[in-house]
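Student: Sharing a structure here in C-alpha cells format.
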Amino acid sequence: MPTGLVHDPVYQRHATGPRHPERPERLEAIDTMLHETGLIDAVVTVPFHTVDESWLLKMHDRNYLHRIHAACSYGVPFVDVPDSVVCRASELVAKQAVGGCLEAAKQVMTGQINNAFCAVRPPGHHAERDRSMGFCLYNNIAITAEYLLTEYDLSRIAIVDFDVHHGNGTQHLFEDRSDVLFISTHEDPNHQFPGTGFSDEQGVGAGKGYTLNIPMSVGSDDEAFEKVFNKKVLPRLREYQPQFLLISAGFDAATNDLLGHLCVSTQGFAWMSQQLIQIAGEFCQGRVVSILEGGYEVNSLKQAVAVHIEALLHASVPSVNG
Ligand SMILES: [Zn+2]
Numbered sequence: 018m019p020t021g022l023v024h025d026p027v028y029q030r031h032a033t034g035p036r037h038p039e040r041p042e043r044l045e046a047i048d049t050m051l052h053e054t055g056l057i058d059a060v061v062t063v064p065f066h067t068v069d070e071s072w073l074l075k076m077h078d079r080n081y082l083h084r085i086h087a088a089c090s091y092g093v094p095f096v097d098v099p100d101s102v103v104c105r106a107s108e109l110v111a112k113q114a115v116g117g118c119l120e121a122a123k124q125v126m127t128g129q130i131n132n133a134f135c136a137v138r139p140p141g142h143h144a145e146r147d148r149s150m151g152f153c154l155y156n157n158i159a160i161t162a163e164y165l166l167t168e169y170d171l172s173r174i175a176i177v178d179f180d181v182h183h184g185n186g187t188q189h190l191f192e193d194r195s196d197v198l199f200i201s202t203h204e205d206p207n208h209q210f211p212g213t214g215f216s217d218e219q220g221v222g223a224g225k226g227y228t229l230n231i232p233m234s235v236g237s238d239d240e241a242f243e244k245v246f247n248k249k250v251l252p253r254l255r256e257y258q259p260q261f262l263l264i265s266a267g268f269d270a271a272t273n274d275l276l277g278h279l280c281v282s283t284q285g286f287a288w289m290s291q292q293l294i295q296i297a298g299e300f301c302q303g304r305v306v307s308i309l310e311g312g313y314e315v316n317s318l319k320q321a322v323a324v325h326i327e328a329l330l331h332a333s334v335p336s337v338n339g
C-alpha cells in the first residue's frame, strides 16, 4: 500500500507577514524538494475537504472558534496572542489543515494508504481547548486522535511529538485520559517556549502515567536523542501497544533552526522516523499519520521532511495478522 501525502497550495494562503517564522515559504520549500527528489511521484496525494465544525468542537470551545472567525472576518491581525497571526483566509486554511489530517487518518483506517504525511499549516500542537498559542489555531493532531477514537472505535492511540517545543495543547487535551499516550521530546522548558513539559508532568487522574515528557538540554544532538528513544520513548510505546501512531513532526530541533537550540541532523531525523515507523509495524499494522508542526530553517526543514517521507515509504508492509 502507498504512502499518502496531504499537500496543497491552499496551505500557503495562511499569510503571516514577512517577519514571522511560520511562513508560507516553508511549504514552498517542501514542495520544491518533493519535485527535485522525485518523492512526489512515489506518494499518493490525499484529497481533502474542509473539516466539519463538529470535529473542531470535540477539542475546542465554541467561544474560541468564534474568536478565530471574528478575527479573520474583521481583519484583526492575530487571535489571543501576537504570535498567533491570522489573515482573512486563515480560518478556512486551518479548517482545511484539520480536514486533510482527518482524511489521511480515514484513508489509513480504510486501507487505501499505508501511512501518511500531512504537510499542512498552520501547525497545531500548542493550541489549547480555549485559546491559541504559538503559531497554532486548531490542534490538528488532537482532533485527529479524537476522530480515530470516535469513528473507528479505537482505544489506544499514541502521539509522539518531537518538535523542539513542548506540545502543551495536546498534553492538556488528553492528560486525564489513558486512551491517548502522549510522548514529547523537546528543549528544556526552562529555556524554551512554552515553558511547560517538565518530566514530572505525567498526566492526571485516570491519565496518570499516560503523559511522558522528556526535556532535552540545550545542544542535544543525534546521540542524545538516540539515547532517550532507546531508553524511554520506544520502550514506553512497546509497553502501550498503540493501535494507531500519530506523529507531531516538528523539525525545529534541527541544527541551525531559527527558534530551537538543539542539534539534530537530517540523519538523526531519519533514524527517529524509522524507529517510530517500525513500532507502528510491530503493533498497529503500520498505521501512522504524521503531521507537520514546526521547522523554521527551510533548508534543514526540506531535508528532514525528505528523509521522514522516505521512512514512511520504506515502512515494511504489514502482515495480514498485524
Ligand atoms: Zn516548534
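With the first letter of the sequence shown counted as 1, position 307 gets the number 324 in this note's numbering; the numbers rise by one all the way through.
No residue lacks a Cβ here, since even glycine has one placed at the ideal position from N, Cα and C.
How would the residue list near ligand 1 read, in chain order, if you kept each one whose beta-carbon is closer than 6 Å to any heavy atom?
Tutor: Every residue passing the under-6 Å Cβ criterion appears here: D180, V181, H182, G267, D269, E310 and G311.
Student: Taking contact to mean at least 3 C-beta pairs separated by less than 8 Å, is the region 226–241 in contact with the region 189–206?
Tutor: Yes, the region 226–241 touches the region 189–206.
Student: Do you know offhand how far M289's Cα is from D147's?
Tutor: Reading the sequence shown from its first residue, position 272 is the one you call residue 289. Reading the sequence shown from its first residue, position 130 is the one you call residue 147. When rounded, the distance between both Cα atoms is 32 Å.
Student: Is it the case that the region 172–191 contacts the region 296–315, given that we only count it when at least three CB pairs across the two stretches are under 8 Å?
Tutor: Because the criterion of three Cβ pairs below 8 Å is met, the region 296–315 and the region 172–191 touch.
Student: Which residues share a DSSP beta bridge with V11?
Tutor: Since the displayed the chain opens at 18 and closes at 339, residue 11 lies outside it and no answer follows.
Student: Just mark T62 as buried or exposed, buried being the case when its beta carbon has 16 or more other beta carbons within 10 Å.
Tutor: For the purposes of this step, residue 62 is taken as the residue at position 45 of the sequence shown. That one is exposed.
Student: List the whole-angstrom C-beta distance separating Q209 from H182, where the pair is believed to meet the contact cut-off of C-beta under 8 Å.
Tutor: Looking up residue 209 in the sequence shown gives position 192. Looking up residue 182 in the sequence shown gives position 165. Correct: roughly 6 Å between the Cβ atoms.
Student: Quick one: what does DSSP say M150 is sitting in, helix, strand or coil?
Tutor: Within the sequence shown, the letter at position 133 stands for residue 150. Note: M150 maps to strand in three-state DSSP.
Student: Return the chain-ordered ranges of every beta strand (DSSP E) run that is complete within the region 113–142 and spans a minimum of 3 residues.
Tutor: If we require 3 residues or more, the beta strand (DSSP E) runs fully inside the region 113–142 come out as 132–135.
Student: DSSP three-state call for I174: helix, strand or coil?
Tutor: The residue labelled residue 174 in the question sits at position 157 within the sequence shown. The answer is strand: DSSP assigns I174 an E or B state.
Student: In or out: G311 buried (at least 16 other Cβ within 10 Å) or exposed?
Tutor: In the sequence shown, residue 311 corresponds to position 294, counting from 1. Buried, because 16 or more other Cβ atoms sit within 10 Å of the Cβ of G311.
Student: Check this for me: beta carbons of C133 and V306, under 8 Å apart or not?
Tutor: On the sequence shown, position 116 is the one that residue 133 refers to. On the sequence shown, position 289 is the one that residue 306 refers to. For the sequence presented, residue 133 should be read as Ala rather than Cys. Yes. Within cutoff.
Student: Between which residues of its own chain and S101 is the CB-CB distance below 6 Å, once the five residues before and five after are set aside?
Tutor: Stepping through the sequence shown from its first residue, residue 101 is reached at position 84. Here the set comprises F95 and S149.
Student: Using a 10 Å radius around the Cβ and a threshold of 16 neighbouring Cβ atoms, would you call A223 buried or exposed?
Tutor: Residue numbering aside, residue 223 sits at position 206 when the sequence shown is read from its first letter. Classification for A223: exposed.
Student: Kindly list the residues whose CB is nearer than 6 Å to the CB of P99, restricted to its own chain and excluding five residues on each side of it in sequence; keep chain order.
Tutor: Within the sequence shown, the letter at position 82 stands for residue 99. Counting only Cβ-Cβ distances below 6 Å, and skipping sequence neighbours, we find nothing.
Student: Just how far apart, CA to CA, sit Q295 and F199?
Tutor: Walking along the sequence shown from the start, residue 295 turns up at place 278. Walking along the sequence shown from the start, residue 199 turns up at place 182. If you take the alpha carbons of Q295 and F199, they lie about 18 Å apart.
Student: Going by C-alpha to C-alpha distance, which of D239, A122 and C153 sits closest to A162?
Tutor: Along the sequence shown, one-based indexing puts residue 162 at 145. Cα-wise, what sits closest to A162 is A122.
Student: Ends of the alpha helix (DSSP H) at H352?
Tutor: Examination of residue 352 is not possible in this model, given that the chain is present from 18 through 339 alone.
Student: Assuming V324 and T283 are in contact, meaning their beta carbons sit under 8 Å apart, how far apart are those beta carbons, in whole angstroms?
Tutor: Residue numbering aside, residue 324 sits at position 307 when the sequence shown is read from its first letter. Residue numbering aside, residue 283 sits at position 266 when the sequence shown is read from its first letter. Rounded, the Cβ-Cβ distance is 6 Å, consistent with contact.
Student: May I have a chain-ordered list of the beta strand (DSSP E) segments no shorter than 3 residues that lie completely inside the region 201–256?
Tutor: With a minimum length of 3 residues, the continuous beta strand (DSSP E) runs that stay inside the region 201–256 are 228–233.
Student: Out of A287, F152 and E243, which one is the CA nearest neighbour of P41?
Tutor: In the sequence shown, residue 41 corresponds to position 24, counting from 1. Per the Cα distances, F152.
Student: Let me check understanding here. Comparing Cα to Cα, which of P259, C280 and P140 lies closest to H203?
Tutor: In the sequence shown, counting from the first residue as 1, residue 203 sits at position 186. The option with the nearest alpha carbon to H203 is C280.
Student: Using a 10 Å radius around the Cβ and a threshold of 16 neighbouring Cβ atoms, would you call R138 buried or exposed?
Tutor: If you number the sequence shown from 1, residue 138 lands on position 121. R138 comes out buried.
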